[in-house]
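Residue numbers (our numbering): -1 to 274.
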C-alpha cells in the first residue's frame, strides 16, 4: 500500500530515536494515533501489521500507519539496530500520485535505493532532537520533511518511473542491493514469502523480464562501472559483480551488451579520449 501525504510541506513531528539491541528484541503490541517510520540499519526486525508478517532487513523501511495495530512477530535472532520517528500529516491512501499539489509518497515496506543518503538525514534528525538551539522546534520538522522528500524521490526515480507496483519495486530494489551475493529465483521468492513460480509470473508481467534476467541485467550494470575503472581485471570484475563463473559472466555480458567485456573497456577508453 502506498501512503500519500498530500499538499503537506511540513508534517507534524512528535519524537524520534534509535534502538540498539544485542539479541532477542520483540516489538510490543500497540496501536498509536500517529504514523511510525522505521529504518533498519543492522539485523532483521520481525513485525506484524494488519495481520501481515514482515521481515524488515538492513536498508529497508516500514511505515506503520496511524491507527494500525502492530506487534513483534518473533524475537530477532541477533543484533538489531534501527532508527524511528513518530509523525503525522494529512493523507489519502492509494496506488498513484496526485495530479497536482505537493505530496510525500511513502510505501509501507520498501528498500531504499540509496540507504546512505536516508541514513544521514535520519541521523541528523536524531541529532537535532537532542540539541538546544535557536530553531529547536523547526529544525526537526524541516529535517523530517527532507527525510520524507528523499524517500519520495527515491521511490519516484525507480518504481514509479517504470509504472510498477510498490511490491515489485521493493523486490527490484532488494535485488539491486543484494545482487553481488549468491542469488537464485527461489532465494528471492523465499525472502519475500512468495512461491518462486508465482513471483516470476507477476514480476515478468510488470517489468517485462524474468527475475533471473533482471538479476543478470543488474549485475552487468555493476560490471560496466567496474570495467570503466583501470586496474580491475575481467576475472575480478566478474566476481565483484556477483558472477561465480568468469566464462558465464563473459557469455552473459556479450548477450546483453553485444560485445565482450574487453571490447566494452576499450570502447570506454576511446570515449574518454574523445570527450577531452
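Just so it is clear, CB atoms sit at the ideal spot from N, CA and C, and this is done for glycine as well.
Model, not experiment: these values are computed from the prediction.
Answer yes or no: do residue i and residue j have a C-beta to C-beta separation smaller than 8 Å?
{"i": "residue 85", "j": "residue 33", "result": "yes"}
{"i": "residue 152", "j": "residue 125", "result": "no"}
{"i": "residue 71", "j": "residue 37", "result": "no"}
{"i": "residue 232", "j": "residue 244", "result": "yes"}
{"i": "residue 65", "j": "residue 29", "result": "yes"}
{"i": "residue 180", "j": "residue 242", "result": "yes"}
{"i": "residue 166", "j": "residue 201", "result": "yes"}
{"i": "residue 119", "j": "residue 137", "result": "no"}
{"i": "residue 21", "j": "residue 74", "result": "yes"}
{"i": "residue 14", "j": "residue 129", "result": "no"}
Decide if residue i is buried, meaning its Cβ has at least 16 other Cβ atoms within 10 Å, or exposed.
{"i": "residue 191", "result": "exposed"}
{"i": "residue 196", "result": "exposed"}
{"i": "residue 270", "result": "Reliability of the predicted coordinates at residue 270 is poor, the pLDDT of 40 falling under 50, and no value is obtained from them."}
{"i": "residue 3", "result": "buried"}
{"i": "residue 154", "result": "exposed"}
{"i": "residue 162", "result": "buried"}
{"i": "residue 77", "result": "exposed"}
{"i": "residue 96", "result": "In this prediction, residue 96 scores a pLDDT of 48, lower than 50, which makes its location untrustworthy; the coordinate-derived value is nonetheless stated afterwards. When all chains shown are included, residue 96 counts as exposed."}
{"i": "residue 177", "result": "buried"}
{"i": "residue 206", "result": "exposed"}
{"i": "residue 168", "result": "buried"}
Since residue i is in the beta strand (DSSP E), which residue starts that stretch and which ends it?
{"i": "residue 58", "result": "58 to 62"}
{"i": "residue 47", "result": "43 to 47"}
{"i": "residue 23", "result": "Element bounds for residue 23: n/a, residue is neither H nor E."}
{"i": "residue 218", "result": "Segment 209 to 225 is the alpha helix (DSSP H) holding residue 218; no beta strand (DSSP E) there."}
{"i": "residue 80", "result": "78 to 86"}
{"i": "residue 37", "result": "33 to 40"}
For residue i, which residues of its own chain have a beta-carbon under 7 Å away from its beta-carbon, when the five flanking residues on both sides are left out?
{"i": "residue 8", "result": "139 and 143"}
{"i": "residue 18", "result": "79"}
{"i": "residue 198", "result": "183, 208 and 209"}
{"i": "residue 98", "result": "Annotation note: pLDDT 40 at residue 98 (below 50); position unreliable, no value reported."}
Alpha carbons only, please: which of the options is nearest the one belonging to residue i?
{"i": "residue 253", "options": "162, 215, 234 and 223", "result": "215"}
{"i": "residue 24", "options": "222, 115, 210 and 41", "result": "41"}
{"i": "residue 147", "options": "115, 172, 174 and 135", "result": "115"}
{"i": "residue 87", "options": "106, 63 and 74", "result": "63"}
{"i": "residue 51", "options": "189, 220 and 257", "result": "189"}
{"i": "residue 122", "options": "81, 246 and 49", "result": "81"}
Check whether the Cβ of residue i lies closer than 7 Å to any heavy atom of the ligand GDP, and answer yes or no.
{"i": "residue 253", "result": "This structure lacks the ligand GDP; in fact it carries no ligand of any kind."}
Excluding the five sequence neighbours on either side, which residues of its own chain have a C-beta within less than 6 Å of the C-beta of residue i, listed in chain order?
{"i": "residue 250", "result": "214"}
{"i": "residue 273", "result": "Because residue 273 sits at a pLDDT of 31, beneath the cut-off of 50, its placement in the model cannot be relied upon, and the following sentence gives the value as read from the coordinates. Counting only Cβ-Cβ distances below 6 Å, and skipping sequence neighbours, we find nothing."}
{"i": "residue 172", "result": "109"}
Considering only residues of the same chain and omitting the five flanking positions on each side of residue i, which have a CB-CB separation below 8 Å?
{"i": "residue 218", "result": "239, 250, 251, 254 and 255"}
Quick check on the DSSP output: the alpha helix (DSSP H) that includes residue i runs from which residue to which?
{"i": "residue 230", "result": "That residue, residue 230, is in no alpha helix (DSSP H); it is neither H nor E in DSSP."}
{"i": "residue 246", "result": "244 to 255"}
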